[in-house]
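Take the sequence shown: its position 471, counted from the start at 1, is 1308 in my numbering, and no numbers get skipped.
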Amino acid sequence: MATWDLTALVNAADAKASQAERHLWLVRLTEWLRHAPAAGMSTAPEEGKTPLPVLRLRHLLNQLERQPELRVRVQGMLQAFWREIDAASLFADLGFGARLSLGGEILARLQRRWLPGTPETADLAALFELLFEADDVVWVGALDAGTLQRLSALLAPGVPAWRGMLMDAITILVSAVHASGYVPSLRQRMDRSLLEGDPFRQLTRAADSLRAAVLDGRPEDALLEAGYLRAVLAACRAAAASVTSHLEQYGVSVDIVFELDQMRGRTARIEQLVDCVLAPEPVAEWRRVVAEMLRVLGESQGLRALLRQHYSLLARQVAERSAETGEHYIARDRAEYRQMLRRAAGGGMVIAGTVFCKFAVGALGLTAFWGGFWSSVVYALSFVSLMLLHLTMATKQPAMTAPALAASLPAGDDPDAADLESFVDRVTQLIRSQVAGIAGNLALCAPLVLAVQAALVALMALLFLIGWAGAATLLLL
């Protein structure tokens, strides 16, 4: 995008312009703040130096303070901007999916990546993606108190009742959390004891009480209501956290993980906005809120972080389930050791049958594709039979016991002696179980294969002799 010089940019400010033209002017302004004045000059701040966008912002404020007519022009533009924009959507919607579905969020992100945004919008959340880049969080965080006060004085006439705007955003967020709390896929997995106080229903009442106290100018009541709202939010988060403990019973999916993440993110956003509303010096809180919005903007533009985050819980649940299953493959006493030997012996029988079936497929003389296909079918049926018959195959034991071994690892950087001793005992049990599996497989598999092979050789020899005897009889006749 071509950047303008400051004089032309300020002179182009027109409060009577269309909404799209005003938004384009703001886009050009933020681009001018980031734009390096010479080719090859970086806008990234060097150590100990003020970032270039901060210096340019100060220069802009200085020019507007020296020229009142230009300041009036810019303030008129900003007033028209704030009148027609839905500012609450920035704080209520940015970073959150419109649908409680991971697939819907992926499609939305792909759409934002492939299709250009438009300045013709009344949604500040959508316009925010055109105005700022994720890297802007660096220079926004470097804004000093003096520059923030001057910027606030420039924006203040165009932002009447900003607390009301933030309370609108809180109301929207509370409504979304309230609705998520009654989604069947989440509610049936929540701990019933944590829902006895009905925290999600109380959440709406707490937010309404805080809104009334803030807008009526009752700061002491607002502090009390904010404390109550935070307590209810903590109860809602606890109920949402209990979902993960019930995933074993009801199952897990990436959509459930996505819904939980959205709920946690909204509750955290509510608390951040409450801090900004109640702050005696809101300018510094505004800087933190805008920096958070820029951080969320960076996270909402990629797919890798989204998929990694939401598949991590699914992978953890699979690992925990494998750890529970792996416990059955670890012998802890003599009885379990003998049982492991019996299961391994049964597994050896199945392995022997698999060997003969594989050679039978090879003897059919099939093409490479069909030979590989039917060999795969033989192996698949063999492994499924092992699982259904509760037998053991030594080469598959590590895949089942590794999660159980990992689960027994001592937690923390300074484990106590009891945890270490328990882990050593588990390793010993695991090695013994592995030896039992190998011994049981070989003890029955090898003799059975040799016995069947000897029987087949004897049978072929017998048939050969019978054939010669029959031929001799025919000759004598």
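Built from N, CA and C at the ideal position, the CB exists for glycine as well.
In this structure, DSSP gives D960 an extended state, which the three-state scheme calls strand. Its Cα nearest to that of D1112, the residue I1007 stands out among I1007, G1209, R946 and Q1039. Going by beta carbons, M1130 and L931 fall inside the 8 Å limit.
Annotation: H1227 is outside any alpha helix (DSSP H) and is labelled neither H nor E by DSSP. Distance from the CA atom of V1294 to the CA atom of F1210, rounded to whole angstroms, is 29 Å.
Scanning the segment 1043-1084 from its first residue to its last, the whole alpha helix (DSSP H) runs of 4-plus residues come out as 1056-1078.
The DSSP-derived three-state label of D1170 is coil. In this structure, A924 places its C-beta atom within 8 Å of the C-beta atom of M1002. With distances taken between CA atoms, D1028 lies nearest to A1077 out of A963, L843, G1190 and A1077.
An exposed status is given to V1261, since fewer than 16 other beta-carbon atoms sit within 10 Å of its beta-carbon. Assignment of D1262 by DSSP, reduced to helix, strand and coil, places it in the helix class. Closest by C-alpha distance to T844, out of R859, G1184, F1037 and R908, is R908. Across the structure, W869 and D842 are spaced so that their CA atoms are roughly 8 Å apart. Per the coordinates, the alpha-carbon of L889 lies some 20 Å from the alpha-carbon of G1135. Taking all protein chains shown into account, W1123 has 16 or more neighbouring C-beta atoms within 10 Å of its C-beta and is therefore buried.
Taking 8 Å as the upper bound for CB-CB distance, R1132 and V974 are in contact here, some 6 Å apart. Using a Cβ-Cβ distance cut-off of 8 Å, the segment 1044-1052 and the segment 1060-1073 are in contact, since at least three pairs of beta carbons, one from each stretch, lie closer than that value.
Within its own chain, the residues whose Cβ lies closer than 7 Å to the Cβ of I1107, once the five positions on either side in sequence are excluded, are I1007, L1010, V1011 and L1070, listed in chain order. A contact is defined here as three or more CB-CB pairs under 8 Å, and the segment 1195-1208 fails this definition with respect to the segment 1222-1230. V1214 counts as exposed, since fewer than 16 other C-beta atoms from the protein chains shown sit within 10 angstroms of its C-beta. Per DSSP, reduced to three states, the secondary structure at D923 is strand. Approximately 5 Å separates the beta-carbon atoms of V891 and W976; this is inside 8 Å, confirming the contact.
In this structure L927 is not in contact with R987, their Cβ atoms being roughly 22 Å apart against a cut-off of 8 Å. G1135 sits in a helix when the DSSP states are folded into three classes.
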